[in-house]
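Data block below; observations after.
Residue numbers (my numbering): 342 to 598.
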């Protein structure tokens, strides 16, 4: 075996051993890590790596994990997409029915985000639905790192996840379920809530967040400075035969008033 082959063996060994099972490798990212296209081609021919679409690969024995795909989109392609909404509650153990009992995971990406074909065309281990909403001025606000079998990915913290759920109410997320989730958020940090509400662009979501927190009797609410939060003007009706909540200019179903 010549010296070059030995180097290649040690490089593939590093790739196989150092990165977690199921992590997707993007070709351009591998180049930046010192694995030129020719070497990647060699690894595919030798059966170390397998292609899962244009510019994307997996270690040949690895399964198609949604977490591995999300991690690649986030940290290799620098695409703003993350797991959030109800799924973030399920991961943190705060939903009323847990462990991915939903048929799909909810992902959030800003309005015009283009997702690569290798991501949209593959059948991952968990189904997902992408909501394209530009909900915050600063995209990274309220996100945190989550470890899934060695794979690190960004997910919504519970405050952000709550606002994401509320942004989908009432058409794509039930108001009553959103209120039940809010009831469990007794330990949110007021400073974090303040930042989230100041950065949030949805008037409806912010008003619902504040009203539900008040209705649930959360003690952190008194430390939130409403004067620094844009709550818009005029009523927002979320129910045909609902009741007006004058303080928050919301028309809600009777059972939530």
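Note that CB positions come from ideal geometry on N, CA and C, so glycine has one too. Quick caveat: nothing in here was measured; it's all calculated off a predicted structure.
Do residue j and residue i have their beta-carbon atoms positioned less than 9 Å apart in this structure?
i, j, result
"residue 429", "residue 365", "no"
"residue 368", "residue 381", "yes"
"residue 684", "residue 537", "Outside the displayed span of the chain (342 to 598) sits residue 684, for which this structure offers no information."
"residue 452", "residue 474", "yes"
"residue 519", "residue 507", "yes"
"residue 552", "residue 591", "yes"
"residue 476", "residue 504", "yes"
"residue 480", "residue 419", "no"
Going by C-alpha to C-alpha distance, which of the options sits closest to residue i?
i, options, result
"residue 417", "385, 372, 596", "372"
"residue 521", "549, 494, 541", "549"
"residue 564", "477, 495, 532, 493", "532"
"residue 571", "540, 582, 377", "540"
"residue 583", "527, 386, 558, 511", "511"
"residue 556", "573, 525, 479, 535", "525"
"residue 358", "386, 378, 390", "390"
Which same chain residues end up closer than 8 Å to residue i when comparing Cβ atoms and leaving out the 5 residues on each side of it in sequence?
i, result
"residue 375", "352"
"residue 458", "394, 395"
"residue 413", "364, 365, 366, 367, 370, 397"
"residue 484", "423, 495, 496, 497, 498, 501"
"residue 344", "With a pLDDT of only 44 at residue 344, under the threshold of 50, the placement of this residue in the model should not be trusted; the figure read from the coordinates follows. Excluding positions up to five away in sequence, the list is empty."
"residue 487", "424, 432, 493, 494, 495, 496"
"residue 542", "475, 476, 477, 478"
"residue 462", "394"
For residue i, which residues does DSSP report across the bridge?
i, result
"residue 473", "450"
"residue 493", "488"
"residue 398", "366, 392"
"residue 541", "477"
"residue 585", "592"
If I measure Cβ to Cβ from residue i and keep anything under 7 Å in the same chain, skipping five residues before and after, which residues do I get?
i, result
"residue 554", "523, 562"
"residue 464", "405"
"residue 469", "407, 445, 446, 448"
"residue 388", "401"
"residue 441", "With a pLDDT of only 47 at residue 441, under the threshold of 50, the placement of this residue in the model should not be trusted; the figure read from the coordinates follows. If we look at residue 441 and ignore the five residues flanking it on each side, its Cβ neighbours are 431, 467."
"residue 361", "490, 491, 492"
"residue 589", "548, 551, 552"
Classify residue i: buried if its beta carbon has 16 or more other beta carbons within 10 angstroms, exposed otherwise.
i, result
"residue 439", "Only weak support exists for where residue 439 lies, its pLDDT of 38 falling under 50; the value from the coordinates is given anyway. Exposed."
"residue 490", "exposed"
"residue 546", "buried"
"residue 466", "exposed"
"residue 567", "exposed"
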